[in-house]
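Counting in my numbering, the sequence shown runs from 132 upward without gaps.
Report on one structure; see the data block that follows.
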Amino acid sequence: MAQSYPRATTAPNGTNGKRPPGRPRSEESKRAILRSTLKFLSKPGGFADLSIEAIASDASVSKATIYRWWPTRAALVVDAFSASADEELRFPDTGSLRRDISLQMRRLIHIFRSPRGKVVAALLAGGQSDPELIEAFRERFLWPRRYNAYKALQRGIDRGELAPDTDLDLLLDSLYGAIYMRFLIRHIELKEDVADEICNLILKPCEPRSSAKQ
């Protein structure tokens, strides 16, 4: 049975994949802005102390240039982190659902354990009191990657590795919830090898019955 994905997603820049009218973006300036944003986010104070003025100065662009490409500070912040992690967090297609998910989860854990993890923590913490920030995180980071996760799960269904009636949202929340729990609460050290343990625990019961008996 074919799955219908819970929702569509916009492109990470919020443009639905369409280039806005007018002159093409200066990719060099855009990269400079994203680099400067990440640099300031990694400093003490994070999102709370981040200013468009400081980013513009550091990237050698005008504030108008930044606002022309990003409507809000939240959108810029999330795009900066998203751009830094985009290649790493693409889902592989190895022919095995469990391996695809485990590899992608390992990469996510690697990012969380790196200096960029501080950026994620700042985004999630700031989003608890800033609806605009958490909305930007959902729309520009979480949903594009979740949509790719749906496609990876659908490949697993097509190969007979996953029951067709599996609740994809509940499955993804169960898989990744443990990672976010350890990342944010830090009650247990978050290590990359926990990805395999989570996949074995969560995915096995979701296999079709005929496959699970083998």
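Backbone N, C-alpha and C define an ideal beta-carbon position, used for all residues, glycine too.
In this text, all values refer to a predicted model and were calculated from it rather than measured experimentally.
{"Item": "Could you check what DSSP says for residue 186 in three-state terms: helix, strand or coil?", "Value": "helix"}
{"Item": "Residue 308 to residue 336, Cα distance in whole Å?", "Value": "17 Å"}
{"Item": "For residue 232, does the count of other Cβ atoms within 10 angstroms reach 16, so buried, or fall short, so exposed?", "Value": "buried"}
{"Item": "Between residue 181 and residue 167, what straight-line distance do the alpha-carbon atoms span, to the nearest angstrom?", "Value": "11 Å"}
{"Item": "Rounded to whole angstroms, what's the CA-CA distance from residue 334 to residue 290? Just pull it up for me.", "Value": "14 Å"}
{"Item": "Apply the 10 Å Cβ neighbour rule to residue 288 and answer buried if 16 or more other Cβ atoms are within range, or exposed otherwise.", "Value": "buried"}
{"Item": "Would residue 211 and residue 284 be called neighbours here (beta carbons separated by less than 8 Å)?", "Value": "no"}
{"Item": "Please report how far the alpha carbon of residue 434 lies from the alpha carbon of residue 306, in whole angstroms.", "Value": "No statement about residue 434 is possible, as the shown extent of the chain runs from 132 to 345 and does not include it."}
{"Item": "Using the beta-carbon count (16 or more within 10 Å), is residue 338 buried or exposed?", "Value": "buried"}
{"Item": "Let me know the alpha helix (DSSP H) ranges lying completely inside the segment 257 to 321, each 4 residues or longer, listed in chain order.", "Value": "262 to 268, 274 to 289, 299 to 316"}
{"Item": "Buried or exposed, going by whether 16 or more other CB atoms sit within 10 Å of the CB of residue 221?", "Value": "exposed"}
{"Item": "Hey, how far is the Cα of residue 311 from the Cα of residue 241?", "Value": "13 Å"}
{"Item": "Under DSSP, the alpha helix (DSSP H) around residue 209 begins and ends at which residues?", "Value": "204 to 216"}
{"Item": "May I have the straight-line CA-CA distance separating residue 281 from residue 229, to the nearest angstrom?", "Value": "14 Å"}
{"Item": "So residue 286 and residue 224 are in contact, right, with Cβ under 8 Å, and what is the actual spacing, rounded?", "Value": "7 Å"}
{"Item": "To the nearest whole angstrom, what separates the beta carbons of residue 227 and residue 247, a pair I think is in contact under 8 Å?", "Value": "About 28 Å separates the two Cβ atoms, so there is no contact after all."}
{"Item": "Where residue 261 and residue 243 are concerned, what is the direct C-alpha to C-alpha distance, given to the nearest angstrom?", "Value": "22 Å"}
{"Item": "Among 188, 178, 331, which one has its Cα closest to the Cα of residue 205?", "Value": "178"}
{"Item": "Between the C-alpha atoms of residue 188 and residue 313, what's the straight-line distance to the nearest angstrom?", "Value": "37 Å"}
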